[in-house]
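In this note's numbering, each number is its position in the sequence shown, counted from 1, plus 180. Even glycine gets a Cβ: it sits at the ideal position worked out from N, Cα and C.
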Amino acid sequence: MSYQPIENYGIIGDMHSVALVGKHGSIDWLCFPKFDSPSIFASLLDSNIGGHFKIMSLAEGVNEKQFYWPDTNVLVTRFLCDDGVGEVTDFMPIHNLNGKHGAHQIIRRVQVVRGEMEFVMECLPAFDYARAKHETHIAENGAIFKSDALTVALVTKQDLEKYKGGARSIFRLSEGESASFILHECEKDAICGPCLTEEQTEEHFQRTVRYWRKWLSQSEYTGRWREMVNRSALVLKLLTYRPTGAIVASPTTSLPEEIGGERNWDYRYTWIRDAAFTLYGLLRIGFTEEAADFMHWIEARANELEPDGSLQIMYSIDGDHTLTEETLDHLEGYKGSKPVRIGNGAYNQLQLDIYGELMDSVYLFNKYGSPISYDLWCQLRRMINWIADHWHLEDEGIWEVRGGKRHFVYSKLMAWVAVDRGLRLADKRSFPADRKKWLQTRDEIYEDIMAKGYSKNRKAFVQSYGSDSLDASNLIMPLVFFVSPTDRRMLNTLDAILQPVDKGGLTANSLVYRYNLKEYSDGLSGEEGTFNICTFWLVEAMTRAGRHDPKRLDEARLMFERMLGYANHLGLYSEETGSSGEALGNFPQAFTHLALISAAYNLDRALGEGE
181 MSYQPIENYG
191 IIGDMHSVAL
201 VGKHGSIDWL
211 CFPKFDSPSI
221 FASLLDSNIG
231 GHFKIMSLAE
241 GVNEKQFYWP
251 DTNVLVTRFL
261 CDDGVGEVTD
271 FMPIHNLNGK
281 HGAHQIIRRV
291 QVVRGEMEFV
301 MECLPAFDYA
311 RAKHETHIAE
321 NGAIFKSDAL
331 TVALVTKQDL
341 EKYKGGARSI
351 FRLSEGESAS
361 FILHECEKDA
371 ICGPCLTEEQ
381 TEEHFQRTVR
391 YWRKWLSQSE
401 YTGRWREMVN
411 RSALVLKLLT
421 YRPTGAIVAS
431 PTTSLPEEIG
441 GERNWDYRYT
451 WIRDAAFTLY
461 GLLRIGFTEE
471 AADFMHWIEA
481 RANELEPDGS
491 LQIMYSIDGD
501 HTLTEETLDH
511 LEGYKGSKPV
521 RIGNGAYNQL
531 QLDIYGELMD
541 SVYLFNKYGS
551 PISYDLWCQL
561 RRMINWIADH
571 WHLEDEGIWE
581 VRGGKRHFVY
591 SKLMAWVAVD
601 RGLRLADKRS
611 FPADRKKWLQ
621 TRDEIYEDIM
631 AKGYSKNRKA
641 FVQSYGSDSL
651 DASNLIMPLV
661 FFVSPTDRRM
671 LNTLDAILQP
681 VDKGGLTANS
691 LVYRYNLKEY
701 SDGLSGEEGT
711 FNICTFWLVE
721 AMTRAGRHDP
731 KRLDEARLMF
741 ERMLGYANHL
751 GLYSEETGSS
761 GEALGNFPQA
771 FTHLALISAA
781 YNLDRALGEG
791 E
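Set out below in structure tokens:
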């Protein structure tokens, strides 16, 4: 097998884990049964030994297409050729997810809708990132794959044979016929259970469709870009871990920011920053239940503050604090991009911005969701007091650089947001607070940023104190009401960022780099693509400035429409976009999709009805 482009994948999931399904009909990434479990299919990171679960047509000259069943996360992969048309419908049932064995399953239903076609199914698991041995047992109703830590069953009516440590079936279907393959977790001594009838498979399908449509019907967004906003909402829901309400940044690890480079990270965890922004995006369009679930997760983390009142930047989906980073040297990496990493060493970095993002999301939840408890407030007050005492420190910043700490402007900005939202929330709810100290701190941070974070030479807010380098994270300033979107300093910053990279800016045909690697060393080698969230931030900043400047508003709309054109065939985005429009980085990326929702919401409102 060769590597598929990252953008050739769709995802299915059950709010416990996610599988990546390629246009070629192969599941090439699945951590099972949870997002951060070891993988059982990982050919995305090593096409030779990673393991896969493939169903594809054996006909020559096949044209492959994918689409989602309308308003759901049920994925259809279609094979078109001279012999006919075949479809594989993939989904993970949502109902009855009570944590019992067998509850987590992938259903793959193959159908021929025209003509007659021959298919091959290969289920080649490679447990524990292809490190663990397993036994394969072919049974009457399928196959059992047993490793020391996990046993999974493949249930089917089709005849199976052992193949490369897995199971294979070659079968032919005529128009109107179907075959199903169901993969599920089971007890170590289990045998293959009875196959589902066609009626039972159809019932699973209908239940799953009804679940997603009922969930999506809560959306309050009815604007111009409803289809893309709905798809982004469905992605964010898939990236939510149902038992705890945690939201993973992405379901993958080590998909490269540069092919062949070292910028490969594990994103299967919950960053305070990403999750807080995601909550904001979902709240914007009416999904208050997810916001409430995440608040419960936040409250649990707030009860685990360090003795001094500080917070970690990221946690596991279950709330674990230690995310030790290691490399898997036996895997070659996507298209040879090494190292493959699991765990993330950034978990113990100092990133002061997380307090602002967290407090902003709590403030919004208290306003649009439900009032927070006094007990949570007590922990938040400790946290705000900590940031009031430590905002002046250098840190690693939002981009988790590995080139040393600095006085990053974005970090100072979000420290200001933390104190500001704390004051607003205290006043709104009449909570006890150290108002005098917080007011003084808020003003100090503001004046410090204006004095040291804005370069008169560059005529822009810059990346860090004493620097003349630009940073796209400063686009968020008007979004958090730090400055007016029409403040001359902000307009100058917009104009500076809008310049092409070779003229000192960060923009390439409407796509935005997070910073200029020729001006700033982040401690890593190689290059990277444009950052998708930064492009949507630019759209939103231009939108807000455009309320009083029609030209900027027109430009914001054009940028947004151009950016929509960089989504993959299913409306999904990775972290970055490469120079040829290809997807780079972990996929799909929560950060990108939440920024799309926010930009669409605000741009639609600025344009007004009927324009």
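At least three beta-carbon pairs within less than 8 Å, the stretch 187-199 to the stretch 420-431: yes
Same chain, Cβ closer than 8 Å to Thr-331, five either side skipped, listed in chain order: Here residue 331 corresponds to residue number 151 of the sequence shown, with the count starting at 1. The residues are Ile-324, Phe-325, Glu-365, Cys-366, Glu-367, Lys-368 and Ala-370.
The stretch 289-297 touching the stretch 258-266, judged by at least three CB pairs closer than 8 Å: yes
Which residues DSSP lists as bridging Trp-209, in chain order: Walking along the sequence shown from the start, residue 209 turns up at place 29. Answer is Leu-200.
9 Å Cβ cutoff met for Met-722 and Met-739: As a position in the sequence shown, residue 722 is number 542, starting the count at 1. As a position in the sequence shown, residue 739 is number 559, starting the count at 1. Taking 9 Å as the Cβ cut-off, Met-722 and Met-739 qualify as a contacting pair.
CB contact flag (Ile-362, Leu-376, <9 Å): The residue you call residue 362 lines up with position 182 of the sequence shown. The residue you call residue 376 lines up with position 196 of the sequence shown. Yes; because the gap between Cβ atoms is below 9 Å, this pair is in contact.
Touching by the beta-carbon criterion (3+ pairs, under 8 Å), the stretch 429-442 and the stretch 764-781: yes
Buried versus exposed, by CB contacts within 10 Å (16 or more), His-749: Looking up residue 749 in the sequence shown gives position 569. Exposed is the call here.
Alpha-carbon to alpha-carbon, Glu-357 and Gln-291: In the sequence shown, residue 291 corresponds to position 111, counting from 1. In the sequence shown, residue 357 corresponds to position 177, counting from 1. Distance between the alpha carbons of Gln-291 and Glu-357: 6 Å.
DSSP-derived helix/strand/coil call for Asn-243: Residue mapping note: residue 243 aligns to position 63 of the sequence shown, counting from 1. Strand.
Any 3 or more C-beta pairs closer than 8 Å across the stretch 380-392 and the stretch 454-468: no
C-alpha gap between Thr-458 and Leu-774, whole angstroms: Taking the sequence shown and counting its residues from 1, one reaches residue 458 at position 278. Taking the sequence shown and counting its residues from 1, one reaches residue 774 at position 594. The alpha-carbon atoms of Thr-458 and Leu-774 are separated by roughly 5 Å.
C-beta contact flag for Ser-399 and Gly-461 at 9 Å: Reading the sequence shown from its first residue, position 219 is the one you call residue 399. Reading the sequence shown from its first residue, position 281 is the one you call residue 461. No; because the gap between Cβ atoms is not below 9 Å, this pair is not in contact.
Cβ contact check for the stretch 595-607 and the stretch 550-564: 3 or more pairs under 8 Å: yes
Within 9 Å, strictly: CB atoms of Thr-710 and Leu-691: As a position in the sequence shown, residue 710 is number 530, starting the count at 1. As a position in the sequence shown, residue 691 is number 511, starting the count at 1. Their beta carbons are under 9 Å apart, which means Thr-710 touches Leu-691 by this criterion.
Cut-off 7 Å between Cβ atoms - residues of its own chain near Asn-654, not counting five sequence neighbours on either side: Numbered from its first residue, the sequence shown carries residue 654 at position 474. Closer than 7 Å at Cβ, skipping near neighbours: Val-589, Tyr-590, Phe-641 and Thr-673.
Thr-336 versus Leu-304 - alpha carbon distance: Counting from 1 along the sequence shown, the entry for residue 336 is found at position 156. Counting from 1 along the sequence shown, the entry for residue 304 is found at position 124. Answer to the nearest angstrom: the Cα atoms are 15 Å apart.
Contacting residues, own chain, Cβ-Cβ under 6 Å from Ile-207 (five flanking each side not counted): Position 27 of the sequence shown holds residue 207. So the qualifying residues of the chain are Ala-199, Val-201, Phe-221 and Phe-233.
Where the beta strand (DSSP E) containing Lys-342 begins and where it ends: By 1-based counting over the sequence shown, the position of residue 342 is 162. It spans 341-343 - the beta strand (DSSP E) in which Lys-342 sits, taken as one unbroken run.
Met-236 - partner residues in DSSP beta bridges: Here residue 236 refers to the residue found at position 56 when the sequence shown is read from its first residue. DSSP, once it has assigned bridges, lists Val-300 as partnering Met-236.
Beta-bridge partners of Phe-271, as assigned by DSSP: Taking the sequence shown and counting its residues from 1, the one referred to as residue 271 is at position 91. The partner list for Phe-271 (beta bridge, DSSP) reads Ile-287.
Same chain, Cβ closer than 7 Å to Trp-618, five either side skipped, listed in chain order: Walking along the sequence shown from the start, residue 618 turns up at place 438. Excluding positions up to five away in sequence, the list reads Ile-564, Ala-568, Val-599, Gly-602 and Leu-603.
Lys-326, DSSP secondary structure in three states: Residue numbering aside, residue 326 sits at position 146 when the sequence shown is read from its first letter. In the structure shown, Lys-326 sits in a strand (DSSP, three-state: E or B).
Per-residue burial, Gly-282 [other beta carbons within 10 Å of its own, 16 or more giving buried]: Along the sequence shown, read from residue 1 onward, the residue named residue 282 stands at position 102. Reliability of the predicted coordinates at Gly-282 is poor, the pLDDT of 47 falling under 50, and the value obtained from them is presented with this limitation in mind. Label assigned to Gly-282: exposed.
Inter-residue spacing [alpha-carbon to alpha-carbon] between Tyr-645 and Asp-682: In the sequence shown, residue 645 corresponds to position 465, counting from 1. In the sequence shown, residue 682 corresponds to position 502, counting from 1. Each residue's Cα considered, the two are about 23 Å apart.
Buried/exposed call for Tyr-548, threshold 16 Cβ in 10 Å: To locate residue 548, count along the sequence shown from 1; it is residue 368. With fewer than 16 Cβ atoms within 10 Å of its Cβ, Tyr-548 is classed as exposed.
Touch test, the stretch 431-449 against the stretch 507-524, Cβ-Cβ under 8 Å, three pairs minimum: yes
The stretch 238-251 in contact with the stretch 208-216 per 3-pair CB rule at 8 Å: no
Whole alpha helix (DSSP H) elements within the stretch 623-660, 4-residue minimum: none
Delimiting residues of the alpha helix (DSSP H) encompassing Arg-785: Taking the first residue of the sequence shown as 1, we reach residue 785 at position 605. Note, Arg-785: alpha helix (DSSP H), 770-787.
Pair within 9 Å by beta-carbon distance, Tyr-343 and Glu-315: For the purposes of this step, residue 343 is taken as residue 163 along the sequence shown, with counting starting at 1. For the purposes of this step, residue 315 is taken as residue 135 along the sequence shown, with counting starting at 1. The answer is no: Cβ separation not under 9 Å.
Backbone secondary structure at Val-663 - three-state DSSP: Taking the sequence shown and counting its residues from 1, one reaches residue 663 at position 483. Correct three-state label for Val-663: coil.
Straight-line gap, Gly-190 to Ile-318 (C-alpha atoms, nearest Å): On the sequence shown, position 10 is the one that residue 190 refers to. On the sequence shown, position 138 is the one that residue 318 refers to. Rounded to the nearest angstrom, the two C-alpha atoms are 30 Å apart.
Within 9 Å, strictly: CB atoms of Asp-540 and Val-663: Walking along the sequence shown from the start, residue 540 turns up at place 360. Walking along the sequence shown from the start, residue 663 turns up at place 483. Not closer than 9 Å, so no.
Distance, Phe-299 Cα to Glu-506 Cα: If you number the sequence shown from 1, residue 506 lands on position 326. If you number the sequence shown from 1, residue 299 lands on position 119. Taking the straight line from one Cα to the other gives about 39 Å.
DSSP-derived helix/strand/coil call for Ile-534: Translated into the one-based positions of the sequence shown, residue 534 becomes position 354. Ile-534 falls in the helix class under three-state DSSP.
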